[in-house]
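K.L.:
In our numbering, the protein residues as written are 47 to 267.
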């Protein structure tokens with residue numbers, strides 16, 4: 047979603063909100079609630095990327111895209127025929143086995159990320175800004191980037207969901223620069239062995255770190 051905001055001419059518009067807009071895990075919106083009760087679309091996009099702020103995502107969906115269907119339409123215009131958004135936060139995180147709503151595939155999201163970040167889907171200045179946000183994101187410090195060698199440049203966007211109707215979901219999409227090489231796009235989606243965990247399990251994140259370690263040893267022919 048931050049990429050979609052960075053494409054827009056009205057990205058600096060200010061969006062007001064109230065306590066009624068708050069949902070669980072909305073740290074940045076909650077902080078601005080006490081200050082001004084509003085943020086620009088760019089600020090909301092940055093909060094969505096860096097902290098996975100749920101209220102920020104919902105505000106962008108409502109005010110910039112007219113809801114999830116509008117964001118899905120934007121994805122189709124970018125050439126992504128798979129990824130879809132059907133609900134808002136936090137309902138979109140409940141995706142039991144067999145559910146098609148609010149889904150993607152690792153290959154689809156990796157392809158979209160490549161188009162937007164390095165394939166010209168975003169203007170270079172916008173892509174650089176999004177990459178800087180991804181590099182500053184710390185929600186994935188124990189996921190893909192944890193398995194990469196020290197010194198590799200990396201930015202990522204995480205996804206996490208726990209609910210009784212589905213396995214715990216621990217996801218990560220990253221852009222990685224191996225030394226002296228063009229960037230790679232990595233996407234790893236993991237369904238853990240437990241459901242509705244009270245908190246994120248380090249052993250689940252460690253699976254994604256192992257993916258990062260394995261990938262770092264790969265070299266193209």
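Positions of the beta carbon are idealized from the N, C-alpha and C atoms, including for glycine.
Note down, in chain order, each residue of its chain lying with its Cβ closer than 7 Å to the Cβ of residue 229, except the 5 sequence neighbours on either side.
P.N.:
164, 221, 222 and 223
K.L.:
Can you check which of these residues, 113, 192 and 133, is closest to residue 253 by C-alpha distance?
P.N.:
192
K.L.:
Count the other C-beta atoms from every protein chain shown that fall within 10 angstroms of the C-beta of residue 202, then say buried if there are 16 or more, exposed otherwise.
P.N.:
buried
K.L.:
Please work out which residues of its chain come closer than 6 Å, Cβ to Cβ, to residue 97, disregarding the five sequence neighbours upstream and downstream, and give them in chain order.
P.N.:
73 and 74
K.L.:
Please classify residue 95 as buried or exposed, where buried requires at least 16 other C-beta atoms within 10 Å of its C-beta.
P.N.:
buried
K.L.:
State the CB to CB distance for the pair residue 247 and residue 210, rounded to an integer number of angstroms; the pair is presumed to be in contact (CB under 8 Å).
P.N.:
No, residue 247 and residue 210 are not in contact; Cβ-Cβ is about 16 Å, not under 8 Å.
K.L.:
Based on Cα-Cα distance, which residue from 106, 129 and 143 lies nearest to residue 212?
P.N.:
143
K.L.:
What number of angstroms, rounded off, separates the C-alpha of residue 51 from the C-alpha of residue 118?
P.N.:
13 Å
K.L.:
In chain order, what are the residue ranges of uninterrupted beta strand (DSSP E) at least 3 long that sit wholly in the region 158-214?
P.N.:
199-209
K.L.:
In the DSSP assignment, what residue or residues form a beta bridge with residue 85?
P.N.:
Under the DSSP definition of a beta bridge, residue 85 partners with 61.
K.L.:
Over the uninterrupted beta strand (DSSP E) stretch that includes residue 239, give me the two end residues.
P.N.:
230-241
K.L.:
By the three-class DSSP mapping on this structure, what secondary structure does residue 223 have?
P.N.:
strand
K.L.:
Grab me the residues of residue 54's own chain with a C-beta within less than 8 Å of its C-beta, minus the 5 sequence neighbours each way, in chain order.
P.N.:
87 and 110
K.L.:
What separation, rounded to the nearest whole angstrom, lies between the Cα atoms of residue 161 and residue 167?
P.N.:
One C-alpha to the other measures close to 5 Å.
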